[in-house]
Amino acid sequence: MKQKAKRLSTALIALLLSVILVLSAFVAFAESGAFAEKAYTNLVTFSDCQSYGPGAFNNFGKVLSVMHDDGMPEPDALLVGGDYSRLLNDYATPGIIQLRDQYTAVYENGNPDDIITAQGNHDSRIAAFYPTGMYDMGTYCFYLINEDDYPWLQFLRTQGKKTVKKTAQNIKNALDAMIANGDTRPVIFITHVPLHHTTRTFGGDNMYASYIFNVINEAAKSLDIIFLFAHNHSGDYDDYIGGSVNFMAPGDTVRIPKPDKFGKDNYSEETLNFTYTNCGYIGYSNNHSTETSTNVLSLGAIRFFADKFVFLKYTEDGLFRQDEVKRMHPAGEDEMQQAATTAALKRNNETIWNLEKTIFEPIVRFVLKIFNLLGIK
Numbered sequence: 001m002k003q004k005a006k007r008l009s010t011a012l013i014a015l016l017l018s019v020i021l022v023l024s025a026f027v028a029f030a031e032s033g034a035f036a037e038k039a040y041t042n043l044v045t046f047s048d049c050q051s052y053g054p055g056a057f058n059n060f061g062k063v064l065s066v067m068h069d070d071g072m073p074e075p076d077a078l079l080v081g082g083d084y085s086r087l088l089n090d091y092a093t094p095g096i097i098q099l100r101d102q103y104t105a106v107y108e109n110g111n112p113d114d115i116i117t118a119q120g121n122h123d124s125r126i127a128a129f130y131p132t133g134m135y136d137m138g139t140y141c142f143y144l145i146n147e148d149d150y151p152w153l154q155f156l157r158t159q160g161k162k163t164v165k166k167t168a169q170n171i172k173n174a175l176d177a178m179i180a181n182g183d184t185r186p187v188i189f190i191t192h193v194p195l196h197h198t199t200r201t202f203g204g205d206n207m208y209a210s211y212i213f214n215v216i217n218e219a220a221k222s223l224d225i226i227f228l229f230a231h232n233h234s235g236d237y238d239d240y241i242g243g244s245v246n247f248m249a250p251g252d253t254v255r256i257p258k259p260d261k262f263g264k265d266n267y268s269e270e271t272l273n274f275t276y277t278n279c280g281y282i283g284y285s286n287n288h289s290t291e292t293s294t295n296v297l298s299l300g301a302i303r304f305f306a307d308k309f310v311f312l313k314y315t316e317d318g319l320f321r322q323d324e325v326k327r328m329h330p331a332g333e334d335e336m337q338q339a340a341t342t343a344a345l346k347r348n349n350e351t352i353w354n355l356e357k358t359i360f361e362p363i364v365r366f367v368l369k370i371f372n373l374l375g376i377k
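For the sequence shown, the working numbering gives the first residue as 1, with consecutive numbering after it.
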């Protein structure tokens, strides 16, 4: 009897130790996850939804679900770098409605108005977009640049140079005002067309980017600035900086087009004072000309901590890349206690947008049901 009790006691101890080991392993795994450390602001980034049918929008939902299951809190905002349609070229509303539905399918209590849509080169200026300019988002400042104000094919666009110079001056005025006021909150830029030199620049795609780059790079000596771009999801445009998933930190060297002529060598090597990365492409990507370039579809995340920014890129398979940048201006307690908000943004025309939603939401959902019945993913 004593022997049985002893064996039972030994077995129970062994079982208890096993449970403790499993729980310890689980806790260790959880603590090492991308979202283990609590950030005071969480943003999601992505762009270029072009695909025939609902494929890109479904991909957005899938990758967002992976981020959610990994521990991503409800985002404070979702920053989208443009191009929402391929089936209905230039009309973005149906695509934006699909994004809103996919978002609330993953975050049931999420506010779809937290999806901030920049205009891309495949998007006409519709009611749902917001005017180009600086917005106060509480824990950070946000500068939106629509494609109309920083166009692609700048050389061919009537008054393209004048348009870019005007946008650069407006950016300078906003950043100078922040610096003069002693406002050291981070500034996030999002636009469709990049700043760096690529094979697209040979055709005049962003040949006047230096006007905007010079303004931002100078201000970034005094401010923490993050610049998000889109557009280059097809071809080999970004292979030399990483392909479809890329990241450049302050101190890295970037090629900036010279605005005087075209050519594969018509750029200057500039040292970045700000963080420069793409939003993450969800429609399609063909950047795979070199062994080191990536060709995956992804969502990005930017997380704010007191002394650093953490940048994540997620695919359907999980965390793909993680980078950190030390802050020039650590956040104070007051700043971290603020609520991040999207309330400052006002659409081009709220009345028309509400009418569009009323008309098109049921139509879009009906069409998606048909696609689903036909097996179109």
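Heads up, the beta-carbon is just placed ideally off N, CA and C, and yes, glycines get one too.
1. Quick check on the burial criterion: 16 or more other C-beta atoms within 10 angstroms. Buried or exposed for Phe262?
2. By how many angstroms is the C-alpha of Asn59 removed from the C-alpha of Thr117?
3. With DSSP collapsed to three states, give me the class of Glu269.
4. Starting from Leu374 and walking both ways along the alpha helix (DSSP H), at which residues does that stretch end?
5. State whether the stretch 218-229 contacts the stretch 263-270, with contact taken as three or more CB pairs (one from each stretch) at a distance under 8 Å.
6. Per DSSP, Gly300 is paired with what?
7. Return the CA-CA distance between Glu74 and Asp265, expressed in angstroms with no decimal places.
8. Pick out whichever of Asp260, Phe305 and Gly242 has its Cα sitting closest to the Cα of Tyr40.
9. Among all the DSSP beta bridges, which residues are the ones paired with Pro257?
10. What residue from Ser210, Ile359, Val364 and Thr294 has the CA that sits closest to Pro379's CA?
11. Between Phe320 and Phe189, what straight-line distance do the alpha-carbon atoms span, to the nearest angstrom?
12. Would you check if the stretch 222-242 and the stretch 192-203 touch, i.e. whether three or more CB-CB distances between them fall below 8 Å?
13. Check whether the stretch 178-187 and the stretch 131-142 touch, using three or more Cβ-Cβ pairs below 8 Å as the test.
14. Going by beta carbon distance, what residues of the same chain come within less than 6 Å of Arg200, once the five residues before and after it are set aside?
15. Please tell me whether Ala230 and Val325 are closer than 8 Å, where the distance is taken between their beta carbons.
16. Using DSSP's beta-bridge definition, name the partner residues of Ile115.
17. Between the Cα of Leu392 and those of Val80, Tyr107 and Ser47, spot the shortest distance and give me the residue it belongs to.
18. With DSSP as the reference, label Gly243 as helix, strand or coil.
19. If you follow the beta strand (DSSP E) that Asn206 is part of, which residue opens it and which one closes it?
20. Just curious, the beta strand (DSSP E) that Gly95 is in, first and last residue?
21. At 4 residues or longer, and completely inside the stretch 135-191: list those alpha helix (DSSP H) runs for me, N to C.
22. Runs of 3 residues minimum, wholly inside the stretch 316-345: which ones carry the beta strand (DSSP E) assignment?
23. Could you compute how far the alpha carbon of Ser47 sits from the alpha carbon of Leu99?
24. For the pair the stretch 89-103 and the stretch 111-126, tell me if three or more CB-CB distances fall below 8 Å.
25. In chain order, what residues of the same chain have a beta carbon less than 6 Å from the beta carbon of Gln322, not counting five sequence neighbours either side?
26. Between the Cα of Arg327 and those of Asp317, Lys308, Glu333 and Glu335, spot the shortest distance and give me the residue it belongs to.
27. Between the alpha carbons of Tyr84 and Ile376, how many angstroms are there, rounded?
28. By Cβ distance below 6 Å, which residues in the same chain neighbour Pro54 in space, the five residues on each side in sequence not counted?
29. Specify the secondary structure class of Lys355 as computed by DSSP and reduced to three states.
Considering the structure as presented:
1. exposed
2. 17 Å
3. strand
4. It is not in any alpha helix (DSSP H) - Leu374 carries neither H nor E in the DSSP assignment.
5. no
6. Thr45 and Lys313
7. 44 Å
8. Phe305
9. Tyr267
10. Since the displayed the chain opens at 1 and closes at 377, residue 379 lies outside it and no answer follows.
11. 23 Å
12. yes
13. yes
14. Tyr237
15. no
16. Leu78
17. A question about residue 392 goes unanswered here, because the residues of the chain that appear run from 1 up to 377.
18. strand
19. Looking at the DSSP string, Asn206 is not in any beta strand (DSSP E), and its letter there is neither H nor E.
20. It is not in any beta strand (DSSP E) - Gly95 instead sits in the alpha helix (DSSP H) that spans Thr93 to Val106.
21. 160-180
22. 318-326
23. 11 Å
24. yes
25. Leu312
26. Lys308
27. 18 Å
28. Leu368 and Phe371
29. Correcting the residue type first, residue 355 is Leu in the shown sequence and not Lys. In the structure shown, Leu355 sits in a helix (DSSP, three-state: H, G or I).
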